[in-house]
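Enquirer:
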Amino acid sequence: MDVQFKLGRSGFRCESCNLTFNDNIKYIDHTHSPSHVQKTGALPVKKASLEEVKERIEYLAEVKGLK
Ligand SMILES: [Zn+2]
1 MDVQFKLGRS
11 GFRCESCNLT
21 FNDNIKYIDH
31 THSPSHVQKT
41 GALPVKKASL
51 EEVKERIEYL
61 AEVKGLK
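Each step along the sequence shown adds one to the number in UniProt numbering, with nothing skipped, and position 32 is 32.
#1: Would you say the beta carbon of His32 comes nearer than 7 angstroms to a heavy atom of ligand 1?
#2: What span of residues does the beta strand (DSSP E) with Cys14 cover, start to end?
#3: For the structure I just gave you, are there three or more beta carbon pairs, one from the stretch 47-62 and one from the stretch 28-35, closer than 8 angstroms?
#4: Would the beta-carbon of Lys64 be found less than 7 angstroms away from any heavy atom of ligand 1?
#5: Where DSSP assigns a beta bridge to Thr40, which residues make up the other side?
So this is what it looks like as structure tokens:
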């Protein structure tokens, strides 16, 4: 589910909501707002913790038979 974000002359634009923001802070706030999430069906990307990354690597190693 790709959302097109374009940097226009007037600032940061959310094509999905047809809104323009003058600064990136407001824009980022918007991308985390319930109305935007509802519209795009996209949840803000969660930063993976170090533990999660390690688990993932372990999992992939197992799947690939490297263990
Ligand atoms: Zn939006």
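C-beta atoms are modelled at their ideal positions from N, C-alpha and C, and glycine is treated no differently.
Predicted model only: the values in this text are computed from it and were never measured.
Expert: In terms of the structure at hand:
#1: Here residue 32 is taken as the residue at index 32 of the sequence shown, counted from 1. No.
#2: Residue numbering aside, residue 14 sits at position 14 when the sequence shown is read from its first letter. Cys14 -> beta strand (DSSP E) spans Gly11 to Cys14.
#3: no
#4: Counted from its first residue, the sequence shown places residue 64 at position 64. Incorrect: Lys64 has no Cβ contact closer than 7 angstroms to ligand 1.
#5: Working through the sequence shown from its first residue, we reach residue 40 at position 40. DSSP output for Thr40 lists no bridge partner at all.
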